[in-house]
Structure formats: structure tokens, C-alpha cells
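One structure is given here, and the rest of the page talks about it.
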Amino acid sequence: MFSSTNVVFGQAKKPTLMILPSDNWCEQRYFMTEFDNQGTKQKVPNYKQVFQEDTEIGQVISKIGSLMIDRGFPLKDAEQELKAIETRAAEDNMTASKTSGANQAVTPLDILKNKAKADILIQIWWKVTKTEKGTVVSFILEAFDAYTSKRIASSTGNGTPGKEIVPVLLEKAILSNIDPFVNQLQGHFDDLLLNGREIRLTVRTWDSWEYDLESEFEGEELRDLVYEWIQKNTVAGRFNETNSSESRIDYEQLRIPVYDDKGRALDARQYGRQLVKYLKESPFNFEVKLMTRGLGEAILVLGEK
Numbered sequence: 275m276f277s278s279t280n281v282v283f284g285q286a287k288k289p290t291l292m293i294l295p296s297d298n299w300c301e302q303r304y305f306m307t308e309f310d311n312q313g314t315k316q317k318v319p320n321y322k323q324v325f326q327e328d329t330e331i332g333q334v335i336s337k338i339g340s341l342m343i344d345r346g347f348p349l350k351d352a353e354q355e356l357k358a359i360e361t362r363a364a365e366d367n368m369t370a371s372k373t374s375g376a377n378q379a380v381t382p383l384d385i386l387k388n389k390a391k392a393d394i395l396i397q398i399w400w401k402v403t404k405t406e407k408g409t410v411v412s413f414i415l416e417a418f419d420a421y422t423s424k425r426i427a428s429s430t431g432n433g434t435p436g437k438e439i440v441p442v443l444l445e446k447a448i449l450s451n452i453d454p455f456v457n458q459l460q461g462h463f464d465d466l467l468l469n470g471r472e473i474r475l476t477v478r479t480w481d482s483w484e485y486d487l488e489s490e491f492e493g494e495e496l497r498d499l500v501y502e503w504i505q506k507n508t509v510a511g512r513f514n515e516t517n518s519s520e521s522r523i524d525y526e527q528l529r530i531p532v533y534d535d536k537g538r539a540l541d542a543r544q545y546g547r548q549l550v551k552y553l554k555e556s557p558f559n560f561e562v563k564l565m566t567r568g569l570g571e572a573i574l575v576l577g578e579k
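Per my numbering, the very first residue in the sequence shown carries number 275; after that it's consecutive.
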């Protein structure tokens, strides 16, 4: 089980960051690829192509990363994580039921998030304009919670005209706007430490299962027993049950501790595994399949693997 207590603020914990080009930047430079999401075509950034072909992105990320490191934020290197994923052929992360063949689609970005396990994803967009006084760089810097994809901080600005290379001009432009942005990041992370990290959880059943979520065990419906378990294993019992039927329950804004009692970061998969463990014990003794989307969503399907 998870402890509902969190890290003491005096330890000045910092969120782990990962920096990537924005979707719009990738679209403008044609660094996009199509992803088959269960029969629906979805365009996503091709980060591998970005790092291989763009001459500025590596320097830009390095410059921004340096600014963040100077302010005490640990960084995950997206380019190195992508190489590690490719080396280990981790893109077979799409899982399937051994019995029915059902599958769970995972986007390339979800795979990267799962590997890097950064708390916050920073995306950078920039545009270069030539003027009589020199080159002007405009930028948009946005930060997203890697678990929920919610925007948590943003900064925009224009640099002063100069003759340096773009990464240097961009670094100067961001530097004059970085502190309010950093304060937003830290404020969000402090809220997570106090109130818990937000995830989504879905509990479903296979059609072939002999039970359903209204089946009774020791005098209580299964869905009520799951509800009670979640209430005990969330920070201050914070979550919303948005759907409850005999075959499916959806929980949103479910707050879990950022770290377990050993100081290890928690995500939706680790949380889901604890619920799986509970459902495998007496009086249930269920077979449960655990699937995830990114870091912040877990799906449990009861009845088989």
C-alpha cells in the first residue's frame, strides 16, 4: 500500500524535466509522421528525425537545459532516451490479451514518457525574423505535466536584434523571461507534493468473465470494494468517480503520492499494480490485465490476461 504522506518541503525537491520541440514547430518543419491509433490515423512529431536532421535543435535544447540546471532542475535527455528506446526495441510496448487479442494503442510520445519518466515536459517553439538591426528571435516556452498533459506554465517573448547564432539569441531571449516560468514550474510541483499527483484509472471487465462489477463478495459489490480501496490509497481520499456500471468504472483526478515510502517516484502503472495485487488476493483471486497510456493512465481489465 502507499503512504499518503509526502516529501518534506524543507528538502526542496525539484521536478525532473525533459525538453522537446513543440508540435507546431515540428509541423512547420515537416518533422511529423502518421501513427495508427486503433484504425484512426494520427499525426505525431517524429523526434528521431528532428534530432537527426535539424542543425539547431540540439544546441537550443542544450542552452535551455543549461538555464534550468543552473536553477537546480534535473534534466532527462530526450535524444539519448530515444536512442535507448530504439536500441531495446521498446516500441513493442503495445500490449495484447493472450486470450482475446485485444490491444491498447500507445503513441510514440507515450513510449518516450514511460522511459524517461520526467515530471514535466517542456516544449519550445521559435521563429527567426531578419531586421535591419539584426536577427530577432521570438519564442514560446510551454510546460506540461507529463502525467496529465495539462499546461502548467508558459512564457513568450522577443529577443533583442543581434548577430549571434540562433541558439545564442534564443538563450538570451528566454533568460530575460525565465524566472517567472521557473516559479510556475516549482509552484505546480509543490502542489503535487502537498496534494498528490493526478492520474486516471479505469477498471473494466472482459465479456467472457463469469463475474461483473456488481457481483458481491463478503456482502459488498465489487465496485464498492474497489471504491473503498481507492479511498484508502489516495492522498486525502481525493478522486472523482465519473462512471460506474456493471462492466466499467472510470476514476479521474485521482491523487496519488508523488513518491512511495522509499522515495521512489510513483506513476499510474505502479499504482495500478497495487490494485491488481489487491484483486488477486482472497476473496477475489482474479486474473487481471494491466495496461497504461503514458505515465498518468492505468486500465485494469478483470477476468483474464
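By construction, the Cβ of each residue, glycine as well, lies at the ideal position given by its N, Cα and C atoms.
When Cβ pairs closer than 8 Å are counted between the two stretches, the stretch 487-504 is seen to touch the stretch 514-532, the count reaching three or more. Annotated three-state conformation of Q312 is coil, per DSSP. Residue nearest to P289 within the set K350, N298, Q548 is K350 (criterion: CA-CA distance).
Beta-carbon to beta-carbon, L341 and I452 are separated by about 6 Å, close enough to satisfy the 8 Å threshold.
For the stretch 443-503, the continuous beta strand (DSSP E) assignments of 3+ residues that do not extend past its boundaries occur at 471-479, in sequence order. Counting only residues of its own chain and dropping the five nearest sequence neighbours on each side, E330 has a CB closer than 7 Å to the CB of V440, P441. Note: T566 is bridge-paired with A572 in the DSSP secondary-structure output. In this structure, the alpha-carbon of G511 lies about 38 Å from that of N298.
Where T361 is concerned, the enclosing alpha helix (DSSP H) starts and stops at 352-361.
As computed with DSSP, D419 is found in a beta bridge with I394.
The stretch 456-467 and the stretch 351-358 do not touch, with fewer than 3 CB-CB distances between them shorter than 8 Å. N311 sits exposed, since fewer than 16 C-beta atoms from the chains shown fall within 10 Å of its C-beta. Between I394 and A420, the alpha-carbon positions lie close to 5 Å from each other. With a beta-carbon spacing of about 21 Å, G577 and A542 fall beyond the 8 Å limit used to define contacts. Counting along the chain, no beta strand (DSSP E) covers N298; the unbroken alpha helix (DSSP H) around it starts and ends at 297-302. Judged by DSSP in its simplified three-state form, R543 adopts helix.
Looking at the DSSP output, E515 bridges to Y525. In the three-state DSSP reduction, G577 falls in the coil class, being neither helix nor strand. The bridge partners DSSP lists for F413 are W400, G431. Within its own chain, the residues whose Cβ lies closer than 7 Å to the Cβ of T405, once the five positions on either side in sequence are excluded, are P435, listed in chain order. DSSP places F347 outside any alpha helix (DSSP H), giving it a letter other than H or E. When secondary structure is reduced to three states using DSSP, G436 falls in the strand class. Within the same chain, A352, Q397 come within 6 Å of L294 by CB-CB distance, once the 5 residues on both sides are set aside. Look at V532 here: in three-state DSSP terms it is coil, with no helix or strand label. DSSP, read as helix, strand or coil, puts G408 in strand. E472 and R425 have their alpha carbons spaced roughly 13 Å apart. Excluding its 5 nearest sequence neighbours in each direction, T476 has C-beta neighbours in its own chain below 8 Å: R522, I523, D524, Y525, E571, A572, I573, L574, listed in chain order. Here K317 carries a strand assignment [DSSP, helix/strand/coil]. Residue pairing from DSSP leaves T508 without any beta-bridge partner.
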